[in-house]
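Numbering-wise (UniProt numbering), the sequence shown opens with residue 1 and increments by one. From the three backbone atoms N, C-alpha and C, an ideal C-beta is built for every residue, glycine too. Computed from a prediction, not measured in an experiment: that's the story for all the values here. Heads up, the thing below is written out as structure tokens.
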Amino acid sequence: VPSMAGPVGAAGLYHLTHVATALAEAAGVKDVVELAADQIVPAFGPKALALMTVEEGRLQIAGYRGYSAELVARFDGAPLTSDTPAVRAVTTAESSFFPSFADLERAYPPAVHQDKMAAWAFLPLIVSGRPVGSL
Numbered sequence: 001v002p003s004m005a006g007p008v009g010a011a012g013l014y015h016l017t018h019v020a021t022a023l024a025e026a027a028g029v030k031d032v033v034e035l036a037a038d039q040i041v042p043a044f045g046p047k048a049l050a051l052m053t054v055e056e057g058r059l060q061i062a063g064y065r066g067y068s069a070e071l072v073a074r075f076d077g078a079p080l081t082s083d084t085p086a087v088r089a090v091t092t093a094e095s096s097f098f099p100s101f102a103d104l105e106r107a108y109p110p111a112v113h114q115d116k117m118a119a120w121a122f123l124p125l126i127v128s129g130r131p132v133g134s135l
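This is how it looks when you write it as structure tokens:
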């Protein structure tokens, strides 16, 4: 993820306002995934994203970009009792950032480097003050 030193300029604020407006107008999860992939990914530089929602006590992959279908299938349906950073984001409503695989592995020893990413962020999705998924 690129460094964001200094204050956010007018262009950055415009972009955030545009994204916030588009999110407010999203008709469904597919729209949110498309918006995140098209607007958030280019603005902040991640190579991939997965949007997960809570359904029947499990994290379900609602949409993704940049990951293989095989990798996504491994994480789809993870129980909310799993010790993973995505589950932690939902159950604690707190974000987690890992600038290297070594950092991820220290926090989650069972982690296996299954993708080509160099850093990871796990963000809770909050609706009306309640976590409903993770990004």
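Asked                                                                                                                                 : Found
Same chain only: Cβ atoms within 7 Å of residue 50, ignoring 5 sequence neighbours per side                                           : 61, 64, 67 and 72
Contacts around residue 89, its chain only, beta-carbon distance under 7 Å, and the 5 residues preceding and following it disregarded : 95, 96, 122, 123, 124 and 134
Chain D contact for residue 68 (CB, 8 Å cutoff)                                                                                       : Among the chains of the structure shown, chain D does not appear; only one protein chain is present.
Residue 53, enclosing beta strand (DSSP E) - first and last residue                                                                   : 49-55
Residue range of the unbroken beta strand (DSSP E) whose run includes residue 110                                                     : Unbroken run through residue 110: none, as it is neither H nor E.
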